[in-house]
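Protein chains in written order, with my numbering: chain A, 92 to 392; chain B, 7 to 263; chain C, 13 to 325. Positions of the beta carbon are idealized from the N, C-alpha and C atoms, including for glycine. A quick note: this is a predicted structure, and the numbers were derived from the prediction, not measured.
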Amino acid sequence: MTEFLQQIINGLSLGAIYALIALGYTMVYGVLRFINFAHSDVFMVGAFVGWAAVEKLHIPTGTIGGGLLVLVTAMAVCAALGMLIEKLAYKPLRGRSTLTVLITAIGVSLLIQNVAQNQRIGFGPNPKPFPEVFPVRQIHLGELTLSSNQLIVIAVAAILLGALYWIVHRTRIGTAMRALSFNSTAASLVGINNNAVISFTFALGSALAGAGGVLYAMNYPSIDPLMGTLPGLKAFVAAVLGGIGNLPGAALGGLLIGLIETFVSGTRFSTYRDAIAFAILILILMFRPAGLLGKLKAEKV
Amino acid sequence: MSAPLLQLDRVTIRFGGLTAVSEVSVSVGEGELVGLIGPNGAGKTTLFNMVTGVYQPSEGTIAFHGKPTAGLKPFEITARGIARTFQNIRLFPSLTVFDNVRVAFHLHLNHDSVHSLTRGRKFRAEERELKERTKELLDIFNLYRLRDEAAKSLPYGDQRRLEIVRALATQPKLLLLDEPAAGMNPAEKTELMKLIRFIQEKFQLAILLVEHDMKVVMGICERIHVLEYGRKIAEGTPGEVRANPKVIAAYLGKSEE
Amino acid sequence: MPPLSQRWLLAALALAWVVSAFSGRMDAYFLDVAMGAGIAIVLASSLNLINGFTGQFSLGHAGFMAIGAYTSAMITTALGPKLGWSAPLQQWLLFPASLLAGGLLAAIAGFAIGAPSLRLKGDYLAIVTLGFGEIIKVLLQNMDSVGAARGLVGVPSYTNLFWTFGAAAVTVYAVWGLVNSTYGRGFLAVADDEIAAEAMGLNTTRYKITAFMVGSFFAGVAGGLYAHLKGYLNPSGFDFNKSIEIVVMVILGGMGKHVGVIVAAVLLTVVQEPLRQLGDFRMILYSLILIILMITRPQGLFTWKTRKKVEPA
């Protein structure tokens with residue numbers, strides 16, 4: 092039983108991170124109808140910014156203030172990065188075929204990965220240890236042993252999700268985002284500045300991914316330039332599982348994928364755990380492509 | 007007394023909570039030119055989509071040549087002899103005018119992927135024949151001169167005609183035309199009316215026409231069905247329908263007094 | 013008298029044979045690059061059928077290559093010795109048979125993957141094919157019988173110029189032939205507008221699956237050739253990056269352009285070595301070029317206006 096509860100906490104902690112990344116995918120898809128392949132690399136950049144904040148900017152480790160500062164720094168840098176990518180690589184392609192945009196997104200992803208791997212201008216390909224940005228304690232709840240990091244991950248993710256909900260449903264720009272996702276032409280006709288809203292969406296999604304990067308690195312403290320690929324893909328599956336374009340769905344999907352992956356790791360199939368996410372993806376797309384919470388949009392004939 | 011070519015019997019379709027078409031019965035006889043009219047949103051294109059297999063009716067039956075079409079996929083229905091054009095033109099934009107029509111001869115091919123690789127004598131002979139037939143068909147409609155142009159680069163009127171020619175290449179017994187006069191000026195519409203009558207005679211087929219322009223519909227249709235809010239409210243000759251108070255009310259809102 | 017296109021094919025095969033006979037006199041590096049280019053042509057042309065002509069975005073082509081590579085290698089390394097055939101018989105009968113077997117298995121995988129996936133559109137199909145490619149890789153990494161993550165070694169070097177360019181010629185002929193017929197125009201129609209294609213009587217699902225199977229067949233053959241060129245196999249060599257390399261060739265060459273794709277395949281193979289000099293910066297340059305290309309010239313580098321011409325038989 093303890094084992095089970097332990098796994099639940101592990102799964103939720105991992106799932107919370109997937110949820111944060113998945114939200115970025117789903118927001119961009121909702122607003123632009125395309126899959127931002129480079130999102131997983133923004134996640135990676137978040138982790139590295141966190142690392143650099145300690146190593147280069149000498150933000151103190153092991154303090155709550157320091158940890159929060161690292162988190163905020165990563166979020167800010169990633170938000171800026173997301174906006175930059177959108178402006179330079181995706182905006183020129185508005186209206187072009189999905190294929191063209193997808194290839195470009197792949198190109199951006201490769202670019203970020205390879206710049207990060209570069210010895211001279213990047214971080215080099217070797218994994219680096221991630222510092223303990225928050226104070227780490229072992230917490231004992233009955234027979235459970237939890238790391239404070241895990242609880243912080245869940246807490247921070249919950250706060251960010253709450254903040255996101257507030258932004259999307261209680262602010263003007265959030266309403267504009269939702270309007271854009273329904274009908275971009277109508278949105279611009281009622282005076283919404285589509286470009287600004289799109290930039291904001293990217294900034295928001297990338298900030299969440301950046302936070303996800305730091306949180307992930309806190310629990311799996313070895314970071315490398317290619318670390319974004321697998322979590323990114325799994326988060327994408329989470330977004331599709333929840334219903335692409337659907338925010339609560341992305342959060343739900345993330346938690347589910349995190350839980351499933353954690354439980355599979357505990358079985359003898361653990362070496363296949365990376366393939367499990369893909370298997371889930373294929374199953375969803377075959378049997379319920381709208382996802383758990385999504386609605387299927389039919390093409391008008 | 008022969009059975010009608012196409013028979014819709016109390017067809018109903020629901021999308022979630024919305025009933026788009028309700029208990030509609032329509033028939034088209036062989037070689038008949040029938041019109042389907044009604045205000046916007048009446049369910050005309052939805053009806054087309056059911057006949058061509060894009061949607062399956064929730065209730066009721068559709069029969070072609072007496073045989074039900076339930077569960078058939080669109081390409082299977084086309085194989086049975088029903089062809090269509092689309093409200094928003096759906097040509098193959100990157101294919102040439104020639105290939106747009108040529109590919110529609112697909113149903114009557116005797117060759118497939120394997121033959122495309124072995125390219126034996128029969129294959130080559132059939133290819134020559136199909137190219138000849140494509141040329142003839144395009145010639146009838148004066149489109150052969152444009153044969154190497156990409157379909158998307160054609161002027162609007164030519165695109166509409168090409169779409170009809172492409173549908174004819176499938177050798178249908180029933181042709182469904184979805185608002186063919188949309189976007190045309192009066193002169194073009196008169197030409198279109200002549201074209202439709204011409205097709206009906208030359209190719210010996212029945213035509214079911216959805217159209218908003220009353221002049222076109224009243225001018226060429228032998229019988230007309232009128233839909234409103236998914237229900238059929240009238241049926242008859244152009245004269246009968248024109249005088250029908252329900253039809254007038256549907257289009258004008260209230261009776262004209 | 014066979015049609016013109018088949019005469020071209022036979023001439024190409026004959027040329028490949030003759031050139032191959034002189035391969036002993038050629039510089040080893042040149043030979044390696046040339047054979048690599050031939051394999052690249054097979055990969056790019058086969059993907060061109062799926063992506064370029066039929067408009068189905070597949071990001072898992074490397075997975076089919078892997079299936080062909082491992083099948084073919086297992087036949088020559090595990091089955092070959094058991095058969096006890098003479099060396100020439102192994103090289104000239106077993107090897108091509110193994111290539112065909114690899115291609116067939118890859119085609120079956122193409123069907124298994126295509127049948128459920130091809131109803132998906134654009135982005136989704138891309139991700140699903142990517143997923144399948146990764147699943148294949150993970151499966152191979154877990155199969156001890158083929159060496160798992162350590163890889164498979166000791167694959168005999170049966171690949172030569174004849175086989176590579178012969179395969180390239182056959183692939184190009186097959187793709188060209190398939191598309192250039194009234195039947196074959198259907199692939200392009202499906203790419204342009206599926207709903208209209210269905211309305212004109214085309215079984216779009218069958219077209220997509222056919223394209224997928226033929227494309228994966230040749231990818232499998234390419235895999236077998238690759239295995240017997242390098243001499244060893246590792247599942248990690250058939251990952252997403254490999255699939256992207258092939259996709260780039262198709263895009264660079266102009267999707268749905270036979271000649272352009274061939275030129276792009278050769279070009280990209282040839283520049284691999286000199287680019288390696290750039291070390292770390294090679295992939296950075298690659299990805300930058302890709303982005304710039306998509307923004308400025310998505311139709312590919314080698315697309316020029318095609319003149320009216322009479323199609324050969």
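At a cut-off of 9 Å between beta carbons, Met92(A) makes no contact with chain C. Nearest C-alpha to Gly266(C) among Gly232(C), Leu290(C), Gly312(C): Gly312(C).
Looking from the CA of Leu233(B), the closest CA among Tyr162(B), Glu29(B), Arg96(B), Thr75(B) belongs to Glu29(B). Identification of chain B residues near Ser57(C) by a Cβ-Cβ cut-off of 9 Å yields none; the smallest Cβ-Cβ distance measures about 14 Å. Within the region 169-227 of chain B, the runs of alpha helix (DSSP H) at least 4 residues long that lie entirely inside it are, in chain order, 192-208, 220-226. A direct Cα-to-Cα measurement between Gly345(A) and Leu111(A) gives close to 8 Å. Between Thr51(B) and Asp184(B), the beta carbon gap of about 6 Å places them in contact (Cβ cut-off 8 Å). Taking 9 Å as the threshold, the shortest C-beta distance from Val202(C) to chain A does not fall below it.
The continuous alpha helix (DSSP H) containing Lys94(C) extends over residues 92-95.
Membership of His121(B) in the alpha helix (DSSP H) is indicated by the continuous run 119-124. For Val32(B), the uninterrupted beta strand (DSSP E) segment begins and ends at 24-34.
Shown here, Leu12(B) sits in a strand according to DSSP, grouped into three states.
Pro322(A) sits in a helix when the DSSP states are folded into three classes. Collapsing the DSSP output to three states places Gly106(A) in a helix. Of the residues assessed, Gln289(C) falls on the exposed side of the cut-off, its CB having fewer than 16 other CB atoms within 10 angstroms. Identification of residues in the region 117-129 of chain B having a C-beta nearer than 7 Å to some C-beta of chain C yields His117, Asp118, Ser119, Ser122, Leu123, Arg125, given in sequence order. Under the Cβ distance rule, Thr58(B) counts among the residues neighbouring chain C, one pair being separated by less than 9 Å. Put simply, the backbone Cα of Ser361(A) is about 27 Å away from that of Leu117(C).
Residues of the region 208-230 of chain C with a C-beta atom less than 8 Å from some C-beta of chain B are Ala208, Ala209, Glu210, Ala211, Met212, Gly213, Leu214, Asn215, Thr216, Thr222, Val226, listed in chain order.
Put simply, the CB of Asn205(A) is near chain C, with a gap under 9 Å to one of its CB atoms. The way I'd put it, the region 118-126 of chain B doesn't touch the region 247-256 of chain C; fewer than three beta-carbon pairs between them come closer than 8 Å. Look at Ile51(C) here: in three-state DSSP terms it is helix. Residue range 338-356 is occupied by the alpha helix (DSSP H) that includes Val355(A), with no beta strand (DSSP E) assigned at that position. Put simply, of Lys221(B), Ala175(B), Glu217(B), Asn191(B) the residue whose alpha carbon is nearest the alpha carbon of Leu42(B) is Glu217(B).
For Ser159(B), no alpha helix (DSSP H) encloses it, and the DSSP letter there is neither H nor E. Within a 10 Å sphere around the beta-carbon of Met155(C) sit fewer than 16 other beta-carbons, which makes this residue exposed. Classified as exposed, Gly233(A) has fewer than 16 neighbouring CB atoms from the shown chains inside 10 Å of its CB. For Ser238(A), the secondary structure class from DSSP, reduced to helix, strand or coil, is strand.
Residue burial is scored here from C-beta neighbours: Lys73(B) has fewer than 16 other C-beta atoms within 10 angstroms and is therefore classed as exposed. For Arg228(A), no beta strand (DSSP E) segment is defined, and its DSSP state is neither H nor E. Residue pairing by DSSP places Thr67(B) opposite Asp15(B) in a beta bridge. Remark: C-beta atoms of Gly178(C) and Leu287(C) do not approach each other more closely than 9 Å. For Arg263(A), not one C-beta of chain C is nearer than 9 Å to its own C-beta. The C-beta of Met295(C) comes closer than 9 Å to at least one C-beta of chain A.
For Phe147(B), the closest Cβ of chain C is not nearer than 9 Å. In this structure, the beta-carbon distance from Gly215(A) to Gln208(A) falls below 9 Å.
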